[in-house]
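Here the structure is laid out as structure tokens; the discussion comes afterwards.
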Amino acid sequence: MTRIPCDADGRIDPETVISALTPDTVLVSVMWANNEVGTINPVIDCAQACHDRGVIFHTDAVRRPVVCRSIAATWPWTALLSAHKIYGPKGIGALIVRRGTRGIRGPPQIEGGGHEAHLRSGTLPVPLVIGFGTACRLAREALESESNRLSGRARDPGRGEFGRGCRVCESTATRPIVSGQVHLGFEGVDGDALLAGLRRIAVSSGSACTTANPKPSHVGRQWVFPKLSAVPAPVRTRTVQHRGGHRGSG
């Protein structure tokens, strides 16, 4: 397995993907938008590059479900979605496999009667399916207005609350970030102590994937900390993240 590094803006460069391909490469997987810092990868370009070379492309589209659905019919790829990222019920997701995609046949996720083309046997959780579908419809209808609202709120996520020495990893022309997500870092500050001192903004001291590890995540070590240490400000070695949503949820 080959791990592809991100560039200085925290994104995967399609040219880097192409250079990493070998005659033995059968699958490339790129996260569409990072859950921790919100950077959006150019997955369409990556998918096209892989398709042109006969390599299966997969993306984790959990943070970009509406956009993924809007172009899924035209791109030869597989993608994963999850309901809980768009206010849907927890416990249900979706695997998108383009019709006619060859070479994709894994072992059954659940053995049994052979439902869903022998991938997942058993009765589907109908309430969760309906909830997921409804969440997708509502998210699609409100995509533009909600993106604009969250982008406006994310431009100044309580800077006065955090105080001096705080700089925000913001969206730029070369580093687009998911609407409403903000990533901040601080030097020598304990994450739990920082959260305990906040009163008017909801944040987390890391992603759910790294809650059991007090050290900076691999995402921070790869991109956030090296990049932030290069700016003329106190080097920030502890990060928090805020995600905007309905009722100010983080």
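For reference, each letter of the sequence shown is one residue, going 104 to 353 in the working numbering.
We treat Cβ as the ideally placed atom computed from N, Cα and C, and that holds for glycine.
Check                                                                                                                                                                                       : Outcome
In chain order, which alpha helix (DSSP H) runs of at least 4 residues are fully inside the stretch 111-167?                                                                                : 117-123, 146-155
Identify, in the order they occur along the chain, each residue of the same chain with its Cβ nearer than 8 Å to the Cβ of VAL120, setting aside the five sequence neighbours on each side. : ILE107, VAL131, VAL133, CYS149, ALA152, CYS153
Mapping DSSP to helix, strand and coil, what is ARG208?                                                                                                                                     : coil
Output the distance between the C-alpha atoms of GLU247 and GLY216, rounded to the nearest integer angstrom.                                                                                : 42 Å
Less than 7 Å between the C-beta atoms of PRO145 and PRO126, yes or no?                                                                                                                     : no
Could you check which residue in LEU297, LYS193, LEU222, SER282 has the C-alpha nearest to that of VAL200?                                                                                  : LEU222
Assuming VAL158 and LEU184 make a contact with CB atoms under 8 Å, what is their CB distance in whole Å?                                                                                    : With a Cβ gap of about 22 Å, VAL158 and LEU184 do not count as contacting.
When we look at the beta-carbon of GLU214 and count the other beta-carbons within 10 Å, is it buried (16 or more) or exposed?                                                               : exposed
Nearest to TRP135 by alpha carbon, out of PRO279, ARG302, LEU297?                                                                                                                           : PRO279
Measure the beta-carbon distance from PRO168 to ILE195 and round it to whole angstroms, keeping in mind my assumption that it falls under 8 Å.                                              : Contact doesn't hold; Cβ gap of about 12 Å is too wide.
First and last residue of the alpha helix (DSSP H) that includes VAL200?                                                                                                                    : First-last for VAL200: 196-200, but that is the beta strand (DSSP E), not the alpha helix (DSSP H).
Please name the residue, chosen from PRO192, ARG252, ASN138, VAL306, that lies closest to CYS239 on a Cα-to-Cα basis.                                                                       : PRO192
What are the partner residues of ARG106, as DSSP defines its beta bridges?                                                                                                                  : According to DSSP, which records beta bridges pairwise, ARG106 is partnered with nothing at all.
What is the DSSP secondary structure of VAL285, counted as helix, strand or coil?                                                                                                           : strand
In chain order, what residues of the same chain lie with their CB nearer than 8 Å to the CB of GLY234, ignoring the 5 residues before and after it?                                         : ALA186, GLY191, PRO192, ILE195
I'd like to check one pair, GLN284 with GLY141: are the Cβ atoms closer than 7 Å?                                                                                                           : yes
Alpha carbon to alpha carbon, how far is ILE207 from ILE161? Give it in angstroms, no decimals.                                                                                             : It is His, not Ile, that sits at residue 161 in the sequence shown. The alpha-carbon atoms of HIS161 and ILE207 are separated by roughly 11 Å.
Could you tell me if LEU227 is buried or exposed, where buried requires 16 or more neighbouring beta carbons within 10 angstroms of its beta carbon?                                        : exposed
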